[in-house]
Amino acid sequence: MKFFLIAGAVNALLSVAFGAFGAHLLEGRVADKYLDTWQTAVQYQMFHSIGLIVVAILMSSTLLGSLSSLSWAGYLMLAGIVIFSGSLYVLSLTGIGVLGAITPIGGIAFIAAWVMVIIAAAKAL
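For the sequence shown, numbering that gives the first Met the number 0 assigns the number 0 to the initial residue and increments by one for each residue that follows.
Shown next as structure tokens:
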């Protein structure tokens with residue numbers, strides 16, 4: 000629970016910092032399509048940072064508790080942030096198009112994470 004709460008807060012902080020970096024330092028230095036790509040990475044990082052915090056809260060003994068499906072959800076969200084958002088950040092900065100082939104792996108991790116949350120809720124409720 001503590002790990003996912005901290006991971007969520009750290010990633011939320013990084014998302015805000017990366018958003019500001021993109022808005023203030025990348026504008027005019029990278030193509031508009033890469034600014035859009037950067038913004039997508041920031042948004043998905045923030046959404047799933049909040050998701051990590053939700054997973055941590057759900058792991059509380061007063062809510063769903065320490066279910067393995069919730070742990071899986073948290074780790075998959077974290078992997079998704081690194082792979083999905085990370086590949087988009089690098090793509091935006093470098094223009095290396097092959098990185099776009101890695102991004103869907105992170106998207107699949109996000110989807111699987113939310114499936115794990117559904118499974119946890121179905122088991123516990």
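From the three backbone atoms N, C-alpha and C, an ideal C-beta is built for every residue, glycine too.
Here's the rule: buried if 16 or more other CB atoms are within 10 angstroms of the residue's CB, otherwise exposed. What is Val54?
buried
Taking only the alpha-carbon atoms, compute the straight-line gap between Ser70 and Leu62 and give it to the nearest angstrom.
14 angstroms
Does the beta-carbon distance from Val89 to Ile95 come in below 9 angstroms?
yes
Would you tell me roughly how many angstroms separate the C-alpha atoms of Met115 and Glu26, rounded to the nearest one?
38 angstroms
With a Cβ-Cβ cutoff of 9 angstroms, do Lys122 and Leu66 count as a contact?
yes
Pull up the distance between the alpha-carbon of Ala19 and that of Ile101, whole angstroms please.
25 angstroms
Below 8 angstroms on the Cβ atoms is my guess for Gln44 versus Ser84; work out the distance and round it to an integer in Å.
4 angstroms
Can you tell me the Cα-Cα spacing of Val41 and Leu124, whole angstroms?
33 angstroms
With burial defined as no fewer than 16 other Cβ atoms inside 10 Å of the residue's Cβ, what is the status of Thr93: buried or exposed?
exposed
For Ala22, count neighbouring Cβ atoms within 10 angstroms of its own Cβ and tell me buried if that reaches 16, exposed if not.
exposed
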